[in-house]
């Protein structure tokens with residue numbers, strides 16, 4: 001009868017703590033609507049893998065390893081980079097690059113708002129992380145879950161679980177983080193700058209050729225990024241070609257839903273108590289916030305720098321929209337602009353910058369991979 | 001902290017490489033968009 005009590009008597013304080021963390025993630029997902037599609041499966045998975053001798057993960061029985069389903073899914077879906085890349089097809093199919101193509105100048109803000117990634121790499125390196133772990137932590141600033149998972153896994157980082165938790169948590173906290181960071185570095189007068197919107201007309205041929213051209217340009221400069229940028233642009237090409245409506249809908253809905261369902265619970269395979277409850281996890285989560293803050297500040301300061309030379313001033317908040325958290329960041333910027341001046345409409349410019357950030361964040365990830373290749 | 005200095009300097013190098021690289025790639029994409037718009041202008045709205 002002792003075997004019936006073996007599980008209960010084997011529970012450790014760290015495992016109980018992970019149950020609490022799992023419960024917290026589930027609470028944040030349901031009660032606060034914080035990226036529920038990822039945080040809920042991760043929270044539940046954290047509980048699954050921290051039950052003593054859990055059959056969901058690999059256990060050694062009488063000297064024989066018995067592979068658990070979550071480790072199997074991790075090996076097949078995360079270690080191979082398959083899950084984040086398939087997710088990118090769906091994300092690409094969801095994106096309308098029209099506001100960016102109409103106003104391509106916004107690309108520059110997408111670039112500037114990746115500053116937080118590299119700033120955080122420096123800080124993490126200074127704090128004693130290896131350079132590859134620092135790069136894995138810095139990529140939280142891409143504000144893009146699949147890119148963060150892809151890069152962290154590429155560097156075989158043991159920090160993939162806190163990196164993923166941080167990335168998705170802070171993405172849902174953009175409405176809290178960005179306004180505070182923007183107000184730190186802008187004046188009311190700057191936030192009230194109005195920007196006329198004169199979009200260029202975009203032909204269907206341009207929309208079809210754009211994803212192909214982007215893949216080739218990014219691929220020639222950073223070949224290691226071809227999988228990342230290529231799958232994103234493949235999804236977009238399916239959307240824009242006009243002859244694959246069924247595939248586009250499948251990519252945007254069923255594919256994204258299935259992969260998201262599996263991704264969150266699979267990432268939890270690396271949320272075992274001994275690996276997760278460390279000082280390093282706390283530092284990673286703190287550095288993730290640094291990355292998001294400095295992404296915002298980088299985009300805003302770049303816009304302010306350009307304003308020194310431009311006659312028609314840019315509202316610096318548009319720079320902050322260059323972060324990849326789409327479409328939340330664009331909406332946050334428009335809300336802030338209308339709070340200062342209820343006749344100020346900069347949503348389309350912010351959307352253009354936000355969409356540019358999607359491309360820029362993937363390229364940032366690709367360049368990191370290229371540097372270490 | 002001083003023992004982390006070599007890693008920090010590598011981080012600075014990565015920052016330079018990364019930020020310059022992103023601006024270069026996105027500037028090329030900017031030029032490509034302008035060329036595409038010129039080659040394939042939108043049809044005027046009827």
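Chains as they are written, first to last, in my numbering: chain A, 1 to 373; chain B, 1 to 46.
No residue lacks a Cβ here, since even glycine has one placed at the ideal position from N, Cα and C.
- In the pairwise beta carbon analysis, the segment 190-197 of chain A is classified as touching the segment 338-345 of chain A: at least three pairs are separated by under 8 Å.
- Looking at the DSSP output, residue 64/A shares a beta bridge with 61/A.
- Taken through DSSP and simplified to helix, strand or coil, residue 176/A comes out as helix.
- The shortest C-alpha to C-alpha distance from residue 358/A to any of 204/A, 231/A, 259/A is the one to 231/A.
- For residue 77/A, no alpha helix (DSSP H) encloses it, and the DSSP letter there is neither H nor E.
- Straight through space, the alpha carbons of residue 327/A and residue 222/A are spaced by roughly 27 Å.
- Residue 187/A is classed as exposed because its beta carbon has fewer than 16 other beta carbons within 10 Å across all chains shown.
- By a beta-carbon distance limit of 8 Å, residue 114/A does not contact residue 270/A. Their separation comes to about 26 Å.
- Residue 191/A sits in a helix when the DSSP states are folded into three classes.
- Here residue 20/A is exposed. Its C-beta has fewer than 16 other C-beta atoms within 10 Å.
- With respect to chain B, the C-beta atom of residue 210/A has a partner C-beta closer than 8 Å.
- In this structure, 130/A is the residue among 272/A, 286/A, 130/A with its C-alpha nearest to the C-alpha of residue 3/B.
- In chain order, 140, 166, 170 place their CB closer than 6 Å to the CB of residue 288/A, counting only its own chain and leaving out the 5 sequence neighbours on each side.
- Taking a beta-carbon distance threshold of 8 Å, residue 122/A counts as an interface residue toward chain B.
- Within the segment 62-144 of chain A, the complete alpha helix (DSSP H) segments at least 4 residues long are 69-73, 82-94, 98-102, 107-112, 115-126, 131-138, listed from N- to C-terminus.
- Taking a C-beta distance under 8 Å as the contact criterion, residue 207/A and residue 97/A qualify as a contact pair.
- Contact holds between the segment 10-29 of chain A and the segment 50-59 of chain A, because three or more Cβ pairs, one in each stretch, are under 8 Å apart.
- Sequence-distant partners of residue 366/A (beyond 5 residues in either direction) whose C-beta falls short of 7 Å from its own C-beta, in its chain, are 218, 222, 224, 225, 228, 229.
- A contact is defined here as three or more CB-CB pairs under 8 Å, and the segment 178-186 of chain A fails this definition with respect to the segment 16-24 of chain B.
- The alpha-carbon separation between residue 123/A and residue 28/B amounts to approximately 30 Å.
- Taken atom to atom, the span from the alpha-carbon of residue 59/A to that of residue 348/A is near 53 Å.
- As the crow flies, the alpha-carbon of residue 31/A is around 21 Å from that of residue 145/A.
- For residue 233/A, the enclosing alpha helix (DSSP H) covers residues 226-240.
- By the criterion of a C-beta distance shorter than 6 Å, residue 239/A is surrounded in its chain by 93, 248, once the five residues flanking it on both sides are discounted.
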